[in-house]
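Peer 1:
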DNA sequence: TTCTGCCCTTGGCA
DNA sequence: ATGCCAAGGGCAG
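Numbering (this note's numbering), first residue to last: 7 to 306.
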């Protein structure tokens, strides 16, 4: 006889707009997959991910509720609070949307993608995923993340599916540049290995950045190999509650140049960032989420 | 200070 | 199929 599975199930009432598919597959997080079949009951497919050390699958259950299954099991209300944190249901989303919708471009995109939510990702996993994003593309980033997990993280199972924990800083540091190159990281391998060593040795406490001001936390991140202004902003926005962080990648740069600097030579990124913070305000990162991740969703 | 070329490979697309 | 090239930056010079 097999032992009973160690798992939790539950439902989470949602009183805010939350589009699971848009939020989980918009390029913020890099470890979510979704079932190819929609289940046939009108609730949409299950989305599978690993958060807070657990393999979880989640889907809408009607308009105002999420349904989830997770393993290993949690205390009765723990998974609820994990999900509320992950989807940032503690944000005052109405106030934030009202604020950023002061810009007409943003207002249009908020209107079209109201259920798109910023995620609160684990800082370590977030940091490595965005170091891997340099001069890369989303399918490849996903592949890199799954390769690291599958080779260096521990297994988790749920409903017959097996996924893997994202490796700890110690594990990635021990693996080293060579192993990471063999996993397909290319020139990013030494960045990941060195950053892992720094974090594993306790020279940077990522969680402590959550309580620091935006610029100070950004400076700490930029000290890491493979982390410049753009990737620092990604980590700050998507994992460390710095809602004013505004990552400027090539696509954001092109669009901002076209929309807000027509017929001009666009300013260098450092100046463009200052402009964005001034123009979009304290929730600039939320503005970017709707402008650009929403735009990507429309192209697919 | 600002700007250029290079870095590993993989996907995406003629 | 095959070849080309851009790809969600960072870094050194």
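Positions of the beta carbon are idealized from the N, C-alpha and C atoms, including for glycine.
Out of 14, 171 and 16, which one is the CA nearest neighbour of residue 57?
Peer 2: For the purposes of this step, residue 57 is identified with residue 51 of the first chain, where counting begins at 1. Nearest of 14, 171 and 16 to residue 57, Cα basis: 171.
Peer 1: Considering only DSSP beta bridges, list what residue 79 is partnered with.
Peer 2: Stepping through the first chain from its first residue, residue 79 is reached at position 73. Answer is none; residue 79 lacks a bridge partner.
Peer 1: Nearest CA to the CA of residue 207: which residue from 191, 177 and 215?
Peer 2: For this step, residue 207 is matched to residue 201 along the first chain. Of the candidates 191, 177 and 215, the one whose C-alpha sits nearest the C-alpha of residue 207 is 177.
Peer 1: Can you find at least 3 beta carbon pairs, one from the stretch 21-41 and one from the stretch 148-159, that sit closer than 8 Å?
Peer 2: Result yes; three or more Cβ-Cβ pairs closer than 8 Å.
Peer 1: The alpha helix (DSSP H) that contains residue 274, what's its start and end?
Peer 2: Residue mapping note: residue 274 aligns to position 268 of the first chain, counting from 1. That residue, residue 274, is in no alpha helix (DSSP H); it is neither H nor E in DSSP.
Peer 1: Could you give the first and the last residue of the continuous alpha helix (DSSP H) run that contains residue 148?
Peer 2: The residue given as residue 148 occupies position 142 in the first chain. That run of the alpha helix (DSSP H) goes 144-158.
Peer 1: Do you know offhand how far residue 236's Cα is from residue 199's?
Peer 2: In the first chain, the residue the question calls residue 236 occupies position 230. In the first chain, the residue the question calls residue 199 occupies position 193. Approximately 20 Å, taken between the alpha carbons.
Peer 1: What would DSSP say about residue 21, mapped onto helix, strand or coil?
Peer 2: Looking up residue 21 in the first chain gives position 15. The answer is coil: DSSP assigns residue 21 none of H, G, I, E or B.
Peer 1: Count the other CB atoms, across all protein chains shown, that sit within 10 Å of the CB of residue 194; report buried if there are 16 or more and exposed otherwise.
Peer 2: Indexing the first chain from 1 puts residue 194 at position 188. Result: buried.
Peer 1: Considering only the alpha carbon of each residue, which of 155, 130 and 269 lies closest to residue 202?
Peer 2: As a first step, residue 202 must be located in the first chain, where it is residue number 196. The candidate whose alpha carbon is nearest that of residue 202 is 130.
Peer 1: Does the separation of the CB atoms of residue 251 and residue 106 fall below 7 Å?
Peer 2: As a first step, residue 251 must be located in the first chain, where it is residue number 245. As a first step, residue 106 must be located in the first chain, where it is residue number 100. For residue 251 and residue 106, no; Cβs fall outside 7 Å.
Peer 1: Between which two residues does the alpha helix (DSSP H) containing residue 188 stretch?
Peer 2: By 1-based counting over the first chain, the position of residue 188 is 182. 175-188 is the span of the alpha helix (DSSP H), which, as asked, contains residue 188.
Peer 1: Would you tell me roughly how many angstroms separate the C-alpha atoms of residue 243 and residue 295, rounded to the nearest one?
Peer 2: Here residue 243 refers to the residue found at position 237 when the first chain is read from its first residue. Here residue 295 refers to the residue found at position 289 when the first chain is read from its first residue. Computed Cα separation, rounded: 10 Å.
Peer 1: Pull the bridge partners of residue 69 from the DSSP assignment, please.
Peer 2: On the first chain, residue 69 is found 63 positions in, with the first residue counted as 1. BP columns for residue 69 are empty, so no partner.
Peer 1: Is the CB-CB distance between residue 184 and residue 173 below 7 Å?
Peer 2: What you label residue 184 is simply residue 178 of the first chain in a count that begins at 1. What you label residue 173 is simply residue 167 of the first chain in a count that begins at 1. Taking 7 Å as the Cβ cut-off, residue 184 and residue 173 do not qualify as a contacting pair.
Peer 1: Can the beta-carbon of residue 14 be found closer than 7 Å to that of residue 114?
Peer 2: Locating residue 14 in the first chain gives position 8, counting from the first residue. Locating residue 114 in the first chain gives position 108, counting from the first residue. No, the Cβ-Cβ distance between residue 14 and residue 114 is not below 7 Å.
Peer 1: Is the beta carbon of residue 246 closer than 7 Å to that of residue 289?
Peer 2: Start at 1 with the first residue of the first chain, and residue 289 comes out as number 283. Start at 1 with the first residue of the first chain, and residue 246 comes out as number 240. No, the Cβ-Cβ distance between residue 289 and residue 246 is not below 7 Å.
Peer 1: Give me the Cβ distance between residue 205 and residue 212, rounded to the nearest whole Å; I'm assuming they're in contact under 8 Å.
Peer 2: Numbered from its first residue, the first chain carries residue 205 at position 199. Numbered from its first residue, the first chain carries residue 212 at position 206. Contact holds; Cβ gap of about 7 Å.
Peer 1: Rounded to whole angstroms, how far is the Cβ of residue 189 from the Cβ of residue 157, which I believe are closer than 8 Å?
Peer 2: Against the first chain, residue 189 aligns to sequence position 183. Against the first chain, residue 157 aligns to sequence position 151. Between residue 157 and residue 189 the Cβ distance is about 6 Å, and since that is below 8 Å, they are a contact.
Peer 1: If you count every other CB in all the chains shown that lies within 10 Å of the CB of residue 282, and 16 or more means buried, which is it?
Peer 2: The count along the first chain starts at 1 and reaches residue 282 at position 276. Burial call: buried.
Peer 1: CA-CA distance, residue 100 and residue 153?
Peer 2: On the first chain, position 94 is the one that residue 100 refers to. On the first chain, position 147 is the one that residue 153 refers to. So the two alpha carbons sit approximately 38 Å from each other.
Peer 1: With which residues is residue 103 paired in a DSSP beta bridge?
Peer 2: Against the first chain, residue 103 aligns to sequence position 97. None, per the DSSP bridge assignment.
Peer 1: Tell me whether the beta-carbon of residue 12 lies closer than 7 Å to the beta-carbon of residue 78.
Peer 2: By one-based count along the first chain, residue 12 stands at place 6. By one-based count along the first chain, residue 78 stands at place 72. Against a cut-off of 7 Å, the Cβ pair of residue 78 and residue 12 comes out as a contact.
Peer 1: Please classify residue 118 as buried or exposed, where buried requires at least 16 other C-beta atoms within 10 Å of its C-beta.
Peer 2: Taking the first residue of the first chain as 1, we reach residue 118 at position 112. Classification for residue 118: exposed.
Peer 1: Taking the alpha carbon of residue 42 as the reference point, which residue from 33, 32 and 54 has its own alpha carbon closest?
Peer 2: For the purposes of this step, residue 42 is taken as the residue at position 36 of the first chain. The option with the nearest alpha carbon to residue 42 is 54.
Peer 1: Quick one: what's got a C-beta closer than 7 Å to residue 306's C-beta in the same chain, skipping five residues either side?
Peer 2: Locating residue 306 in the first chain gives position 300, counting from the first residue. Legend: pLDDT at residue 306 = 45, less than 50; position of this residue unreliable, value from coordinates given subsequently. Nothing meets the Cβ criterion.
Peer 1: When the distance is taken between beta carbons, is residue 92 closer than 7 Å to residue 137?
Peer 2: Walking along the first chain from the start, residue 137 turns up at place 131. Walking along the first chain from the start, residue 92 turns up at place 86. Contact flag unset, no.
Peer 1: Specify whether the stretch 219-231 and the stretch 255-266 touch according to this definition: at least 3 beta carbon pairs, one from each stretch, less than 8 Å apart.
Peer 2: As far as the Cβ criterion goes, the stretch 219-231 does not touch the stretch 255-266, which means the pair count is below three.
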